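Following our numbering, the numbering of the sequence shown begins with 1 at its first residue and continues without gaps. Beta carbons: idealized from backbone N, C-alpha and C, even for Gly. In this text the structure is predicted, and so the values were computed from the model without any measurement. These notes are about the structure you will find just below.
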Amino acid sequence: MVEACSTVIIRKPLSILVMLRDRKNGISDPGRWGLIGGQRKKGERLKSTAVREIKEETGLSVNERFIKPFITIQTREKRWHVFVTYGNWSAKDLNRGEGQQLRFVPLRKAFQFRLGDRQRYVLSELRKYLRHHKLENFLKRSL
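Right under this line is the structure:
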């Protein structure tokens, strides 16, 4: 089974990083906006996959300690692990390595973008979670 990791990259005041995916055959949700991530390499730890994909796609360096598991989605062909991380990044810190565009957007406005179905689901779950919990508490929880 294919395993993949994505990360919701959050910065104050509750903006998330989205990427306009390339329009290539063989990738998930071509030409749509989505989260940062990709497939796990053989023998690679899940958090290592998340860190690698963040670096490759955005140029941001994130320590594994600051990546927290959020949700796992299982389909017939793929297990998709989604993490959350938080930092004080700006658009100037981004160095696009993949995709057509990277953009920090307020979480509420992300739903106006043409998102992939799974990305829309993940962001909906995050929005529901944040209605009842503080982001800081989520990020401080132990694994």
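Residue span of the alpha helix (DSSP H) that contains arginine 118, given as start and end: 117-132
Taking only the alpha-carbon atoms, compute the straight-line gap between leucine 94 and tyrosine 121 and give it to the nearest angstrom. 25 angstroms
Quick check: the region 110-124 against the region 21-38, are at least 3 beta-carbon pairs closer than 8 angstroms? yes
When the Cα atoms are used, what is the spatial distance from serine 90 to leucine 14? 13 angstroms
Alpha carbon of glutamine 74 to alpha carbon of lysine 92, nearest angstrom: 35 angstroms
Three-state secondary structure assigned by DSSP to glutamate 57: helix
Is the distance from the Cβ of valine 51 to the Cβ of isoleucine 71 below 8 angstroms? no
Does glutamate 64 come out as helix, strand or coil in the three-state DSSP assignment? helix
Quick check on lysine 41: does DSSP put it in helix, strand or coil? coil
Contact test: glycine 116 Cβ vs the ligand ZN heavy atom, cutoff 7 angstroms: Absence of the ligand ZN from the depicted structure is noted, as is the absence of any ligand whatsoever, leaving it without description.
Counting only the same chain and skipping the five closest in sequence on each side, list residues whose C-beta sits under 6 angstroms from that of lysine 47. Glu64 and Ile67
Would you mind listing the beta strand (DSSP E) stretches within the region 81-106 that are 3+ residues and don't spill past its ends, in chain order? 101-106
Note down the Cα distance separating leucine 135 from valine 62, rounded to an integer number of angstroms. 18 angstroms
Backbone secondary structure at arginine 32 - three-state DSSP: coil
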